[in-house]
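What follows is a short report on a single structure.
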Amino acid sequence: MRNNVIFKINPEKIDSKKIKIAARSIRQGKLVAFPTETVYGLGSDVFNARAVLKIFKIKGRPGNDPLIVHISEKETLFNLAKEIPEEAMKLIDEFWPGPLTVVLKKSNIVPDIVTAGLDT
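To convert, note that position 46 of the sequence shown is 46 in the numbering used here; the numbers rise steadily by one, no gaps.
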């Protein structure tokens, strides 16, 4: 039996209880759909291989097509990226939060399944 829950979140008045439920779901290996500035995303814990595999399966995404890692704060980037070029940092400082995707070399803590075995 599926246990799907849909929350409507008003960006002008965010209900922290709903955010905490979504965060707990991610920690439990579940998936969460969410809007970004440009598209809807399907997310999981980047470090949970089973959850990441669910994303590939549900989206019908081939295993050689890497995923995007969404982060909630810039500081997280320093753990996930091997290096951050100065030019990338300028863009990040200018446009985050916002619709900017930055492709960087991954650190060793990022599972290969997320990057489809690539170094970015």
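Cβ coordinates follow ideal geometry from the N, Cα and C atoms, glycine included. The structure presented is a predicted model; accordingly, all values stated were derived computationally and were not measured.
When burial is assigned at 16 or more other CB atoms within 10 Å of the CB, is Ala81 buried or exposed?
Within the sequence shown, the letter at position 81 stands for residue 81. Buried, by the Cβ-count rule.
When the distance is taken between beta carbons, is Lys106 closer than 8 Å to Ile92?
As a first step, residue 92 must be located in the sequence shown, where it is residue number 92. As a first step, residue 106 must be located in the sequence shown, where it is residue number 106. Cβ atoms of Ile92 and Lys106: not closer than 8 Å.
Would you list the residues sitting across from Asn10 in a DSSP beta bridge?
Walking along the sequence shown from the start, residue 10 turns up at place 10. Note: Asn10 sits in a beta bridge opposite Lys13.
Exposed or buried, Ala33, counting other C-beta atoms within 10 Å across all chains shown (16 or more means buried)?
Residue mapping note: residue 33 aligns to position 33 of the sequence shown, counting from 1. Exposed, because fewer than 16 other Cβ atoms sit within 10 Å of the Cβ of Ala33.
Can you tell me whether DSSP reads Ala22 as helix, strand or coil?
Walking along the sequence shown from the start, residue 22 turns up at place 22. Helix at Ala22.
Report all residues from its chain with a CB closer than 8 Å to the CB of Ser16; omit the five preceding and five following residues, and keep chain order.
Locating residue 16 in the sequence shown gives position 16, counting from the first residue. Closer than 8 Å at the Cβ level, and outside the excluded window around Ser16, lies no residue.
Quick one: measure Cβ to Cβ for Asn79 and Ile109, integer angstroms, because I've assumed they're closer than 8 Å.
Here residue 79 refers to the residue found at position 79 of the sequence shown. Here residue 109 refers to the residue found at position 109 of the sequence shown. The Cβ separation is near 7 Å, so the contact holds.
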